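J.: Residue numbers (my numbering), protein chains in the order written: chain S, 3 to 195; chain H, 3 to 195.
Glycine included, each C-beta is placed from N, C-alpha and C at the ideal position.
Owing to the predicted nature of the structure, the values given are computational and were not obtained by experimental measurement.
The structure follows.
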């Protein structure tokens, strides 16, 4: 196994692309997205998995070519799929990460119908699909199998998933120094045991 | 199997994001990227595979929030991985598409060291990794297993892969109306036979 360097010289290019970022109280002020991105980087460095974040899609309207292809007018777009995908233990893996400031439930409004359709398709094709749901106020992040979320979505009776359900059916993800959020440990436990 | 609609009402959001696009002579003036995007859309619609293009990463420098998060200064960045990945027949699949106007060889300068490292990792982890290489002037596009490209890259003796090698070791991808470039047929033949 490759010894993981302390990472001082690492640059996380994703950082530059993120303009608005809510800081969670957990993990030394690191946002959920930052924690996951750093975990992905770490997993790549120790050659454990290749999981990448899809860049935020941007609708480019105007480009000034006289100034080296400077984009002068553009808008953020919503991701039509999920934020992360890749390969782990030979399997295709796909997930979405969401954070809520609520303490007792996770609102389904945080998820788009496109993401639901995408995750259903991933499951049909034999991939591993899940959500990472962070309760900011509790300093807790859970891995929740996508099928559970899809079930809530399809039933349409509730507009949110209770915290108690996520705690019961999901797996609490360990936070530590490196990786900041060890979500593949939860993947091992949930999908490979 | 779902009957594929004629697609007249379909919108390909990817289009909006692409600012500079070289038109190839092949396939009614459709660029290689367009052809692949439409094939991905088609495969998704008939539920054959879930393969998506990673959005072009953009380095956002300035955002005007008084005008609804209007991006006023940003730059295109190079993709640090490949352009496409997804799941097909239960397997993780990852590829890069490149076009050349040359007729006798494909220059390795078209590929970045990051992409090479990424594809090597994909292979180590058990994924399917390849290139789609288009010779614009010949109206031909080939599927070429990434291992062959990596071999040329690592040997470092040549700065390009001869057309004759690609023709011999790759698979010519069929062009038709729908999908415009049936690359999964070549994947079937190369990886699943």
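1. Residue 129(H) and residue 95(H): beta carbons closer than 8 Å?
2. Report buried or exposed for residue 202(H), applying the criterion of at least 16 other Cβ atoms within 10 angstroms of its Cβ.
3. Using a Cβ cut-off of 7 Å, pull out every chain H residue sitting near residue 54(S), in sequence order please.
4. Are residue 151(S) and residue 90(S) touching if we call contact CB-CB under 8 Å?
5. Starting from the N-terminal side, write out each stretch of the alpha helix (DSSP H) that is 4 residues or longer and does not extend beyond the segment 154-189 of chain S.
6. So which residues on chain C does residue 181(H) lean against when the C-beta distance must stay under 9 Å?
7. In chain order, what residues of the segment 98-111 of chain S put their CB closer than 9 Å to some CB of chain H?
8. Which word fits residue 116(H), buried or exposed, when buried means at least 16 other C-beta atoms lie within 10 angstroms of its C-beta?
9. Using C-beta distances below 7 Å, list every residue in its chain close to residue 107(S), excluding the 5 sequence neighbours before and after it, in chain order.
10. With a threshold of 16 other CB atoms inside 10 Å of the CB of residue 67(H), please say whether the residue is buried or exposed.
11. In chain S, which residues lie with their C-beta within 8 Å of the C-beta of residue 149(H)?
12. Kindly indicate which three-state DSSP category residue 24(S) falls into: helix, strand or coil?
13. So which residues on chain S does residue 74(H) lean against when the C-beta distance must stay under 9 Å?
14. Quick one: using the 10 Å Cβ neighbour count with 16 as the cut-off for buried, is residue 98(S) buried or exposed?
15. According to DSSP, which residues form a beta bridge with residue 60(S)?
16. Along chain S, in chain order, which residues have C-beta atoms closer than 7 Å to that of residue 87(H)?
17. Have a look at the DSSP bridge pairing and note the partners of residue 65(H).
18. Please go through the same chain and pick out, in chain order, the residues whose beta-carbon is closer than 6 Å to the beta-carbon of residue 124(H), but skip the five residues on each side of it.
19. So, does the CB of residue 124(H) fall closer than 8 Å to a CB anywhere in chain S?
20. Using beta carbons (cut-off 8 Å, strictly below), is residue 47(S) in contact with chain H?
21. Compare the C-alpha of residue 1(H) against each of 122(S), 148(S), 33(S), 65(S) and name the closest.
22. Taking C-beta to C-beta, are residue 118(H) and residue 144(H) nearer than 8 Å?
23. Check for me: the beta strand (DSSP E) holding residue 87(S) runs from which residue to which?
24. Quick one: residues in its chain with C-beta nearer than 8 Å to the C-beta of residue 54(S), no 5 flanking neighbours on either side, listed in chain order?
25. In three-state DSSP terms, what is residue 44(H)?
26. Which of the three DSSP states is assigned to residue 113(H) in this structure?
27. Could you spell out the range, first to last residue, of the beta strand (DSSP E) harbouring residue 94(H)?
28. Going along chain H, which residues have a C-beta under 8 Å from residue 192(S)?
29. Measuring CB to CB, does residue 37(S) end up less than 8 Å from residue 183(S)?
30. For residue 51(H), go through chain S and note every residue whose CB falls closer than 8 Å to its CB, in chain order.
31. How would you call residue 48(S), buried or exposed, if buried means at least 16 neighbouring beta carbons within 10 angstroms?
T.: Let's see:
1. Contact flag set, yes.
2. No answer is possible for residue 202(H): the residues shown for chain H start at 3 and end at 195.
3. Near residue 54(S) (Cβ distances below 7 Å), the residues of chain H are 83.
4. The criterion of a C-beta distance shorter than 8 Å is not satisfied by residue 151(S) and residue 90(S).
5. With a minimum length of 4 residues, the continuous alpha helix (DSSP H) runs that stay inside the segment 154-189 of chain S are 165-171.
6. Among the protein chains in the structure shown, which are S and H, there is no chain C.
7. Residues: none.
8. Per the 10 Å Cβ criterion, exposed.
9. Within its own chain, the residues whose Cβ lies closer than 7 Å to the Cβ of residue 107(S), once the five positions on either side in sequence are excluded, are 162, 163, 164, 165, listed in chain order.
10. By the neighbour-count rule (16 or more Cβ atoms within 10 Å), residue 67(H) is not buried but exposed.
11. None at all; the shortest Cβ gap to chain S is about 16 Å.
12. Because the pLDDT of residue 24(S) is 46, which lies under 50, any placement of that residue in the model is unreliable, and the number read from its coordinates should be weighed accordingly. Residue 24(S) carries a coil assignment under DSSP once its states are collapsed to helix, strand and coil.
13. Listed along chain S, the residues sitting closer than 9 Å to residue 74(H) by beta-carbon distance are 73, 74, 75, 76.
14. By the 10 Å Cβ count, residue 98(S) comes out buried.
15. Paired residues: 78(S).
16. Residues of chain S whose Cβ lies closer than 7 Å to the Cβ of residue 87(H) are, in chain order, 87.
17. According to DSSP, residue 65(H) bridges with 73(H).
18. The residues are 96, 131.
19. It does; some Cβ of chain S falls within 8 Å.
20. By this cut-off, residue 47(S) is not an interface position.
21. Residue 1(H) is absent from the model: chain H starts at 3 and stops at 195.
22. Result no, Cβ atoms of residue 118(H) and residue 144(H) do not sit closer than 8 Å.
23. Counting along the chain, the unbroken beta strand (DSSP E) around residue 87(S) starts and ends at 86-90.
24. Close CB contacts of residue 54(S) within its chain, under the 8 Å cut and outside five residues either way in sequence, are with 42, 86, 87, 88 (chain order).
25. Here residue 44(H) sits in helix by DSSP.
26. Correct three-state label for residue 113(H): coil.
27. Segment 93-102, the beta strand (DSSP E) holding residue 94(H).
28. Those do not exist, as residue 192(S) stays about 18 Å from chain H at its closest Cβ, beyond 8 Å.
29. Cβ distance < 8 Å, so residue 37(S) and residue 183(S) count as in contact.
30. In chain order: 127.
31. Exposed, since its Cβ has fewer than 16 Cβ neighbours within 10 Å.
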